[in-house]
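Asks: Under the working numbering, think of the first position of the sequence shown as 242, with each following residue one higher. Before anything else, here's the structure in question.
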Amino acid sequence: MTSVLLPLRYAHVWTTLGGMLLAVILILALMPNPPPLPFAYNDKTTHALAFMALMVWFSGVIEMRRLPMLAICLVAYGVLIELLQSLTESRQPELLDVGADVAGILLGWILAIAGLRRWCVWLESGLQAWRANEKR
Numbered sequence: 242m243t244s245v246l247l248p249l250r251y252a253h254v255w256t257t258l259g260g261m262l263l264a265v266i267l268i269l270a271l272m273p274n275p276p277p278l279p280f281a282y283n284d285k286t287t288h289a290l291a292f293m294a295l296m297v298w299f300s301g302v303i304e305m306r307r308l309p310m311l312a313i314c315l316v317a318y319g320v321l322i323e324l325l326q327s328l329t330e331s332r333q334p335e336l337l338d339v340g341a342d343v344a345g346i347l348l349g350w351i352l353a354i355a356g357l358r359r360w361c362v363w364l365e366s367g368l369q370a371w372r373a374n375e376k377r
């Protein structure tokens, strides 16, 4: 069986941090009174930005050919959040939130294709160069 993850030195770190991002987003989505952001925002913009960030994050860790499956999984995650919100007394599920999630996923996919999917490679290369310089 072939690996879904790219051959990165710190792939386990990047996937763990990605899992933590997923958890933070879920917690914020289900909180009765999430903390206010320090800037003016629109709820749909927040959804789109969060899912764009998730798409770019995980595109840096997985093989390019797996991006369609990643997109499907993120859409399912957005739907799950809305379903869980329907079980709370303080949050309201909205179909438009899923639409904003999908918009963010598509934007993240475009950014990944444009080159941002290489963020892990760039970061690990920089860390390797920094470590080599430290040893001198």
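Cβ coordinates follow ideal geometry from the N, Cα and C atoms, glycine included. Predicted model, so just to flag it, every value in this text is computed and none were measured.
If contacts are defined as beta-carbon pairs under 8 Å, then Gly259 and Phe292 qualify, I think. What distance do you get, rounded to the angstrom?
Replies: With a Cβ gap of about 13 Å, Gly259 and Phe292 do not count as contacting.
Asks: Would you list, in sequence order, the uninterrupted alpha helix (DSSP H) runs of no fewer than 4 residues that lie entirely inside the segment 305 to 332?
Replies: If we require 4 residues or more, the alpha helix (DSSP H) runs fully inside the segment 305 to 332 come out as 308 to 327.
Asks: Under 6 Å Cβ to Cβ from Gln326, same chain only, skipping five residues before and after it: list those, please.
Replies: Arg332, Pro334
Asks: Give the secondary structure of Phe249 by DSSP, where H, G and I count as helix, E and B as strand, and everything else as coil.
Replies: First, the amino acid is wrong: residue 249 is Leu here, not Phe. Leu249 falls in the coil class under three-state DSSP.
Asks: Roughly how many angstroms separate the alpha carbons of Leu311 and Ala289, rounded to a whole number?
Replies: 16 Å
Asks: To the nearest angstrom, how far is the alpha carbon of Val245 from that of Leu295?
Replies: 17 Å
Asks: Look at the Cβ atom of Gly340, then the Cβ atom of Val297, and state whether they are nearer than 7 Å.
Replies: no
Asks: Buried or exposed for Leu337, going by 16 or more other Cβ atoms inside 10 Å?
Replies: exposed
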